[in-house]
């Protein structure tokens, strides 16, 4: 059993979204690791997520295509670093799948970050923590200005709605 | 048990050193993972390795200080990605410890790469493979011009000499 990595959060560099949600850690894990679920909640409406590829192991590919209401598509690809079922999922845009360093950043809105999703059982639901680690305060600033809290928060609302609706359907 | 990551080697992007050495995989592993050993072989003479820090787990720190005969010091720091004892060790300079993206590269001789050391038992010794993965052909070219094959080869000769001498002393 590998010891979990230490994630050191620095308020000057990082962004954190912490919420309690009324779905079990099992369902949060499924929502994040099965493309058929992820495509229904990952991008705040009216944006959509037409494509999702998940190779769920360290070094594996996490690739998503997001689409604007005008039909403009944006692809993002990263590499999983830690896959600890129903507890912690970490990936980074600083590496391509297979751990190769990602190409240098080319535009102002493009920057690499490492993301961690941490889920802890709490009452009938989950204490949900999403962390984005950045290399410098500038990248943190760009990510915040792009609407990190609002965007990740809305996506989480969608995750909850989708997974609760599925749970109801399967009763 | 986590499945091992796929490392895809691209000759246009990557550098590989493959050799058979007459030390066991156990000793190669020790040489790479214990600072007291690593400091004696890591940097080809007359350069030395006065400092080495190893936090041997995914996300952990790998930090080395190398010193030239003139006393100039160069520090390098990376993050372990895979720690599979006596089989495979992978780290990257594209991430800081704790998986944070590393600062953007600042100079021509400075570039990020991911390194993998693979050891396989073969006869009385080890089939040893060192791989350096780069983001683009330019970084591969810089690394090759800096003397990747010669430097990593000489360091490996030193590793073998140091570990065999220790093994003899302990008889």
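Residue numbers (the numbering used here), protein chains in the order written: chain Y, 1070 to 1240; chain U, 1070 to 1240. Glycine included, C-beta positions come from ideal geometry on N, C-alpha and C.
Beta-carbon neighbours of residue 1158(Y), restricted to chain U and to distances below 9 angstroms: The premise fails here: residue 1158(Y) is roughly 12 angstroms from chain U at the closest Cβ pair, so nothing lies under 9 angstroms.
Buried or exposed (CB count within 10 angstroms, at least 16 for buried), residue 1181(Y): buried
Local conformation of residue 1216(Y) per DSSP, three classes: coil
Residue interval of the alpha helix (DSSP H) (run including residue 1153(U)): That residue, residue 1153(U), is in no alpha helix (DSSP H); its beta strand (DSSP E) goes 1142-1153.
Where residue 1207(Y) falls, given that 16 or more other Cβ within 10 Å makes a residue buried: exposed
The alpha helix (DSSP H) enclosing residue 1198(Y), as first and last residue numbers: Element bounds for residue 1198(Y): not the alpha helix (DSSP H) but the beta strand (DSSP E), 1194-1202.
Separation of residue 1127(Y) from residue 1071(U), as counted between CA atoms: Model confidence at residue 1071(U) stands at a pLDDT of 45, short of 50, so the residue's coordinates are unreliable and nothing is read from them.
Beta bridge counterpart(s) of residue 1136(U) as assigned by DSSP: 1117(U) and 1142(U)
Simplified DSSP state of residue 1092(U), which is helix, strand or coil: coil
Own chain residues within Cβ distance below 8 angstroms of residue 1167(U), not counting five before or after: 1128 and 1148
Given 8 angstroms, three or more beta-carbon pairs between the region 1076-1087 of chain U and the region 1209-1219 of chain U: yes
Distance CB(residue 1090(Y))-CB(residue 1229(Y)) smaller than 7 angstroms: Result yes, Cβ atoms of residue 1090(Y) and residue 1229(Y) sit closer than 7 angstroms.
Any C-beta of chain Y under 7 angstroms from that of residue 1086(U): no
Continuous alpha helix (DSSP H) stretch holding residue 1190(Y): start and end: Segment 1183-1191 is the beta strand (DSSP E) holding residue 1190(Y); no alpha helix (DSSP H) there.
Reduced DSSP secondary structure (H/G/I, E/B, other) of residue 1125(U): coil
DSSP state of residue 1228(U) mapped onto helix, strand, coil: helix
Residue nearest to residue 1143(Y) in terms of C-alpha spacing, selected from 1095(Y), 1094(Y), 1116(Y) and 1103(Y): 1116(Y)
Neighbour flag for residue 1167(Y) against chain U, beta carbons, 7 angstroms: The beta carbon of residue 1167(Y) falls within 7 angstroms of a beta carbon belonging to chain U, placing the residue at that interface.
Burial state of residue 1163(U) (16 or more Cβ within 10 Å): buried
Local conformation of residue 1170(Y) per DSSP, three classes: strand
Interface partners of residue 1203(U) on chain Y, CB under 9 angstroms: Here the neighbours are 1169 and 1170.
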